[in-house]
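Using my numbering, the letters of the sequence shown correspond one by one to residues 4 to 277.
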Amino acid sequence: MCRPCPVDAITQGSIFNYAFSEDLDNKNVLGMLISARCDLANLKTSKYSYVPVVSLEDYIFHYLARKLFLDQKKEEVGKIKNMVKDLGHDPGIIDVYGIKKCIDKIVEKQKAKEKANEAFEKIESLNELINKNSDRYTKDDLAIIPSKKFKSEFSDLSQNKAEGYYLIDDVVDHNNREASLGPHVVLLREVHHMSAEIAEFIKKGCVHDELLEAGNSAPSLVLGKGRMSYVLCNMASPYIELVMQRFSNIFSRVGVKDPHKNLGERFFMDYIIG
Numbered sequence: 004m005c006r007p008c009p010v011d012a013i014t015q016g017s018i019f020n021y022a023f024s025e026d027l028d029n030k031n032v033l034g035m036l037i038s039a040r041c042d043l044a045n046l047k048t049s050k051y052s053y054v055p056v057v058s059l060e061d062y063i064f065h066y067l068a069r070k071l072f073l074d075q076k077k078e079e080v081g082k083i084k085n086m087v088k089d090l091g092h093d094p095g096i097i098d099v100y101g102i103k104k105c106i107d108k109i110v111e112k113q114k115a116k117e118k119a120n121e122a123f124e125k126i127e128s129l130n131e132l133i134n135k136n137s138d139r140y141t142k143d144d145l146a147i148i149p150s151k152k153f154k155s156e157f158s159d160l161s162q163n164k165a166e167g168y169y170l171i172d173d174v175v176d177h178n179n180r181e182a183s184l185g186p187h188v189v190l191l192r193e194v195h196h197m198s199a200e201i202a203e204f205i206k207k208g209c210v211h212d213e214l215l216e217a218g219n220s221a222p223s224l225v226l227g228k229g230r231m232s233y234v235l236c237n238m239a240s241p242y243i244e245l246v247m248q249r250f251s252n253i254f255s256r257v258g259v260k261d262p263h264k265n266l267g268e269r270f271f272m273d274y275i276i277g
């Protein structure tokens, strides 16, 4: 997926180091430029756009973990709402009075109450994890999620079907002895910007000490003494075109209501049965 980058050049799909990410506070985040090739080649604009590229581990133990915690919470709440509905009550009362109070007041049978309380305890544990002030979860934290859900997510990611993300099988630093950095994931929803000046610095090899001494904050980079930002590699064609297609699809989708949820049944009755 990656190819060597020409000397003193930067283009759409160029991957550089020490990029900024909103959620991860570490120095290992990379960035991928997504601005149009002609803009980068001809200096047509004063700012360029990029998206963060994070290691597979950071993706799993932060982004994927958080997604699965939220999904699992929704599933557990759904179980209790279905139970309340089966007892002849409006599931919406859970949103008004809270889960615990509804369980205590509505669910009478001991076995059903135990099942509901089990789901409630799981929701409480998930809430603790969701509200945890950390940019990285542990394997112990992930134990609350069924393994089959991870397998499903990994299958989608490996086929690049995970919405909002794109898997690069191996990022290679062609300017550092072809060093393999392993699998990385592009965060397509998180768009950042850098000045044309910083892009030019990165193209030539941006020494952070020089920026720090000049008082240039360079918010698009995670600056540090002794560091240098440069282009590691470029995304090869047709992968960069696919990345851009996935990126544009996120922001160009149009959602509309179905004409009527019962139309399919009506068509079946009118044209097949009737």
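Don't be surprised by glycine CBs; every beta carbon is placed ideally from N, CA and C.
These figures come from a predicted structure and were not determined experimentally.
For M35, no alpha helix (DSSP H) segment is defined; the enclosing uninterrupted segment is the beta strand (DSSP E) at 33 to 36. Looking at P241, N120, V99, the one whose alpha-carbon comes closest to that of G16 is P241. For a cut-off of 8 Å, the C-beta gap from L235 to V189 is around 14 Å, too long to register as a contact. If you look at V188, you'll find it in the beta strand (DSSP E) that goes 187 to 190.
At least 7 Å separates the beta-carbon of H211 from that of R192. According to the DSSP secondary-structure assignment, M238 is paired through a beta bridge with C5.
Cβ-Cβ distances below 7 Å link A12 to K206 in the same chain, with the five nearest sequence neighbours on each side left out; the list follows chain order. Taking all protein chains shown into account, E156 has 16 or more neighbouring C-beta atoms within 10 Å of its C-beta and is therefore buried.
By a beta-carbon distance limit of 8 Å, A119 contacts I83. Their separation comes to about 6 Å.
Here the stretch 125 to 135 makes no contact with the stretch 19 to 29; the two share fewer than three CB pairs at distances below 8 Å. Here E79 is near K125, since their CB atoms are less than 7 Å apart.
The alpha helix (DSSP H) runs lying completely inside the stretch 49 to 131 and spanning 4 residues or more are 68 to 89, 96 to 100, 102 to 109, given in chain order.
In this structure, the alpha-carbon of A239 lies about 9 Å from that of P7. Annotation note: the stretch 141 to 218 contains the following uninterrupted beta strand (DSSP E) runs of length 3 or greater, listed N- to C-terminal: 168 to 171, 187 to 190, 195 to 198.
Residue range 17 to 19 is occupied by the beta strand (DSSP E) that includes F19, with no alpha helix (DSSP H) assigned at that position. Contact check for L27 and D61: beta-carbon distance about 6 Å, within the 8 Å limit, so the pair qualifies. CA-CA distance, G167 to R249, rounds to 8 Å. For G267, the enclosing alpha helix (DSSP H) covers residues 266 to 270. With 16 or more other Cβ atoms inside 10 Å of its own Cβ, T14 counts as buried.
Within the DSSP bridge table, the entry for M247 names no partner. In terms of Cβ geometry, V194 and S52 form a close pair [threshold 7 Å]. Note on F254: under 16 other CB atoms within 10 angstroms of its CB, so exposed under the neighbour-count rule. Around the Cβ of L43, a 10 Å sphere holds 16 or more other Cβ atoms; the residue is buried. In the structure shown, the three-state DSSP call for A12 is coil. Take the alpha-carbon of D143 and the one of I201: they are about 41 Å apart.
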